[in-house]
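Data block below; observations after.
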Amino acid sequence: MSKYYTTLNADTLKKAYELMCTTQHIQNVYKKNADQIPYQYSSSRGHEAIQIAVAMHLKPHDFLFPYYRDESMLLTMGIQPYELMLQLLARKEDPFSGGKMPYLHPILQREDMPQIPVPGNYTGSHSIPATGLAQGLMYLLSQNLRMDFDRPVVLCSLGDAVITEGEISEAFHIAILKKLPIIYLVQDNDWGGTVKSDEIRAVDAYELAGGFKGMKRVRINGADFVDAYDKVQIAIDYARLERMPVLLHAKCPLLDDHISGVSHTLYRSDENFALHQRDEPIERLRRYLLIEGETEESIDKIGQNIEQTINDSFEYASISQQPDTGNIMLYRFAPTKVIEEEGNRNTDASEKITMRQAAIQALDELLTENPEAIYSGMEIGSPLGGIHREAAGLAQKHGNERVISMPAAESYLIGSIMGLAAAGCKPIVSMPTTKSIFLAMNQLNRLSEAFYLSNGKTIVSSVIRVPIESVGIETLLLQFKGIKIAYPSSAADMKGILKSAFVDPNPVILLEHTSLYDLKEAESPAPASDYVLPLGKSRIAQYSDEESRNEGNSLVVITYGPGVHRTIAASANYPGSVEVLDLRTLSPLDWDAIMSAVKRHGKAMIVTMESQRGSFAEMLAGRITQQCFRFLDAPVFTCGAASLPAIPVNQQLAETAIPTADKIAEVIGQLLSY
1 MSKYYTTLNA DTLKKAYELM CTTQHIQNVY KKNADQIPYQ YSSSRGHEAI
51 QIAVAMHLKP HDFLFPYYRD ESMLLTMGIQ PYELMLQLLA RKEDPFSGGK
101 MPYLHPILQR EDMPQIPVPG NYTGSHSIPA TGLAQGLMYL LSQNLRMDFD
151 RPVVLCSLGD AVITEGEISE AFHIAILKKL PIIYLVQDND WGGTVKSDEI
201 RAVDAYELAG GFKGMKRVRI NGADFVDAYD KVQIAIDYAR LERMPVLLHA
251 KCPLLDDHIS GVSHTLYRSD ENFALHQRDE PIERLRRYLL IEGETEESID
301 KIGQNIEQTI NDSFEYASIS QQPDTGNIML YRFAPTKVIE EEGNRNTDAS
351 EKITMRQAAI QALDELLTEN PEAIYSGMEI GSPLGGIHRE AAGLAQKHGN
401 ERVISMPAAE SYLIGSIMGL AAAGCKPIVS MPTTKSIFLA MNQLNRLSEA
451 FYLSNGKTIV SSVIRVPIES VGIETLLLQF KGIKIAYPSS AADMKGILKS
501 AFVDPNPVIL LEHTSLYDLK EAESPAPASD YVLPLGKSRI AQYSDEESRN
551 EGNSLVVITY GPGVHRTIAA SANYPGSVEV LDLRTLSPLD WDAIMSAVKR
601 HGKAMIVTME SQRGSFAEML AGRITQQCFR FLDAPVFTCG AASLPAIPVN
651 QQLAETAIPT ADKIAEVIGQ LLSY
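Just so we're aligned, residue 1 is where the sequence shown starts under UniProt numbering, counting upward by one.
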């Protein structure tokens with residue numbers, strides 16, 4: 001090889017050329033068979049050089065978070081065209097998701113390739129779980145829970161338009177703050193979808209990264225394989241050895257439509273497309289090969305057998321089986337081992353503990369017994385232990401490397417969970433306020449769908465604590481069908497549910513109403529350290545008497561959280577007539593217990609602290625009406641907060657808006673009178 005061009009050998013250049021030919025032939029086959037492809041996809045044409053260079057430097061112990069254009073990168077790693085085509089056509093044999101995920105959204109857990117641990121490479125948002133994985137690797141190393149002889153790195157591939165997203169800035173900030181071994185590869189083709197980059201961003205990725213002190217930055221000609229190969233090697237070696245983040249900014253031409261089915265002629269000028277064609281990566285590499293002594297004939301031979309192989313692969317993929325629709329409900333939740341209440345709930349403790357103390361006690365025991373557990377949130381590492389003192393004393397006992405005060409980065413708090421879990425950690429997170437969860441909806445969605453879309457490959461065992469100060473959000477959170485939702489009402493339940501949530505292989509949200517933290521009625525003797533309460537099991541918090549049931553003068557109130565205590569207080573006006581069923585978990589729901597209670601009484605009512613209109617309570621009332629109609633002696637009543645945009649801070653106004661004991665008692669009386 002000539003010293004004037006590169007230290008690469010001829011075999012590596014030829015391999016890169018072969019891979020570029022493969023990508024080109026794949027796209028030609030897709031265009032030729034467009035009528036057989038019902039789903040949209042994106043091409044890596046123009047980006048081949050940087051993608052191939054990156055993949056050649058990744059090791060099997062490294063981790064990759066690709067984006068939707070990384071076709072050449074995946075082929076270089078060893079994924080076969082046939083496998084990609086199965087995903088393109090969403091077929092049963094798609095090895096990544098069984099037909100659930102779109103093209104170039106792989107899950108990869110093969111010993112001879114870099115690991116792709118989580119599904120979905122949504123535009124930019126995968127930067128957060130990628131950074132979380134790097135954080136998890138460094139935590140395990142610091143605790144001697146992982147041998148780091150191989151010094152793995154994480155590579156997160158991004159399109160240039162996503163650098164304007166707040167999630168990118170959160171990821172960059174944490175990577176610098178925590179000194180993480182992650183490489184952010186930004187492939188910049190001067191287009192963001194169907195608009196030019198200068199219309200949608202003020203700076204490019206390299207310039208943006210300059211604002212993050214400590215971020216190593218490298219500019220690369222992404223169309224030049226030789227330049228890319230050398231600079232990528234230096235950057236990855238830096239991240240591997242120095243354990244610090246790197247930003248690779250690769251300028252690439254875009255030599256195809258942004259997405260299939262939308263021709264570039266609809267939004268790009270002929271002049272712009274011709275300008276990009278002048279930087280064709282495969283032609284650049286061909287010139288290198290000619291300079292190094294290859295002939296036109298020898299270069300042509302490199303890829304001459306590829307076209308037929310690609311054609312055959314597409315033909316086989318096109319006749320493969322469609323997914324079995326009978327399996328549509330598989331992989332909603334990973335199976336849990338905790339299916340029965342275990343351990344000692346009622347200890348001989350002479351003093352009762354509050355719900356706040358129960359949570360801290362459970363967390364203390366979990367952190368003591370599980371060195372892979374880490375607990376993060378805003379201000380929880382301070383002596384105060386968080387905004388609501390929900391972690392008081394834990395950092396002082398377990399250290400700030402395990403009880404971690406995080407910046408105001410709500411998306412990162414939630415989204416990093418997937419990466420931390422993929423690294424082998426057991427993440428527990430505290431959100432600072434109720435409304436802070438709204439800033440992390442995108443990442444919650446990723447958590448919810450990970451196990452399902454990966455066909456059970458991605459396990460995200462995690463606990464998310466969310467304080468409820470006034471506004472209820474359970475109806476919204478219940479739309480995330482892959483997340484379990486618990487809402488404890490007592491200290492014993494808090495501890496048992498938290499312990500169960502920790503060992504559950506699924507993400508679990510604990511909704512904790514702050515009015516219950518120190519409420520005397522919510523206190524209970526401290527359960528033993530081995531106590532676990534399975535999710536999806538309700539309890540009867542108050543029984544009605546047999547006489548009232550026999551006389552038809554009873555009802556069941558189905559509720560949870562603070563509704564339990566308010567309903568018990570309200571029922572004092574109707575002694576013996578009111579059974580209170582505490583759901584404890586909203587997803588999964590203890591439907592059998594609900595049906596049994598409705599059958600016992602013939603009258604049912606749901607109490608919620610949420611705004612009643614359009615709520616989970618109204619949904620549950622509708623389901624009871626539909627499935628238990630023959631057992632009902634009256635309509636199913638609901639009692640909730642007023643339909644307001646927000647709950648006022650003034651105490652008198654707030655009590656006017658929410659269901660007080662008096663309001664609940666009034667509705668109970670109306671239902672009993674039927």
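Heads up, the beta-carbon is just placed ideally off N, CA and C, and yes, glycines get one too. Predicted model, so just to flag it, every value in this text is computed and none were measured.
- Assigned with DSSP and collapsed to three states, residue 467 falls in strand.
- In this structure, residue 510 lies near residue 463, with their beta-carbon atoms less than 8 Å apart.
- Counting only residues of its own chain and dropping the five nearest sequence neighbours on each side, residue 123 has a CB closer than 6 Å to the CB of 162.
- DSSP places residue 165 outside both helix and strand once states are collapsed to three, so it counts as coil.
- By the neighbour-count criterion, in which 16 or more other beta carbons inside 10 Å mark a residue as buried, residue 438 falls on the exposed side.
- For residue 550, the uninterrupted alpha helix (DSSP H) segment begins and ends at 546 to 550.
- DSSP places residue 430 in the strand class (E or B) of the three-state scheme.
- The residue from 541, 532, 506, 474 with its alpha-carbon nearest to that of residue 512 is 474.
- Residue 573 and residue 665 have their C-alpha atoms spaced approximately 7 Å apart.
- For residue 541, no alpha helix (DSSP H) run applies; the uninterrupted beta strand (DSSP E) run containing it begins and ends at 539 to 542, by DSSP.
- Looking at the backbone, the Cα of residue 544 and that of residue 64 are separated by about 58 Å.
- In the three-state DSSP reduction, residue 362 falls in the helix class (H, G or I).
- The shortest C-alpha to C-alpha distance from residue 518 to any of 656, 332, 14, 359 is the one to 359.
- Residue nearest to residue 655 within the set 404, 391, 641 is 641 (criterion: CA-CA distance).
- Counting only runs of 3 or more residues that sit fully inside the segment 348 to 393, the beta strand (DSSP E) segments are 373 to 377, in chain order.
- Secondary structure note for residue 314: its alpha helix (DSSP H) is the uninterrupted segment 306 to 318.
- Annotation for residue 81: the continuous alpha helix (DSSP H) segment containing it runs 81 to 88.
- Judged by pairs of C-beta atoms under 8 Å, the segment 149 to 162 does not touch the segment 434 to 453, as fewer than three such pairs exist.
- For residue 524, the CB contacts under 6 Å within the same chain, skipping 5 residues up- and downstream, are 352, 490, 491, 492 in chain order.
- Contact between the segment 219 to 237 and the segment 47 to 55 is present: three or more C-beta pairs spanning the two stretches fall below 8 Å.
- Nearest to residue 153 by C-alpha distance, out of 244, 203, 77, is 244.
- A distance below 7 Å between beta-carbons, with the five flanking residues on each side excluded, links residue 356 to the following residues of its chain, in chain order: 389, 390, 517, 518.
- Per the C-alpha coordinates, the member of 643, 584, 42, 457 positioned closest to residue 330 is 457.
- Scanning the segment 220 to 294 from its first residue to its last, the whole alpha helix (DSSP H) runs of 4-plus residues come out as 225 to 242, 270 to 277, 281 to 291.
- The Cβ-Cβ distance between residue 365 and residue 529 falls below 8 Å.
- Exclusion of the five residues before and after residue 435 leaves 471 as the residues of its chain whose Cβ lies within less than 8 Å of its Cβ.
- Bounds of the alpha helix (DSSP H) holding residue 76 are 71 to 77.
- 8 Å or more divides the Cβ of residue 395 from the Cβ of residue 377.
- The shortest C-alpha to C-alpha distance from residue 375 to any of 361, 354, 404 is the one to 404.
- Residue 196 carries a strand assignment under DSSP once its states are collapsed to helix, strand and coil.
- Rounded to whole angstroms, residue 429 and residue 414 show a C-alpha spacing of 7 Å.
- Residue 486 is bridged by DSSP to 510, 585.
- CA-CA distance, residue 476 to residue 669, rounds to 30 Å.
- The C-alpha of residue 156 is placed about 18 Å away from the C-alpha of residue 78.
- With a threshold of 16 other beta carbon atoms within 10 Å, residue 118 meets it and is buried.
- Taking residue 133 as the centre and dropping the five residues before and after it, the same chain places the C-beta of 63, 154, 419, 422, 423 closer than 6 Å to its C-beta, in chain order.
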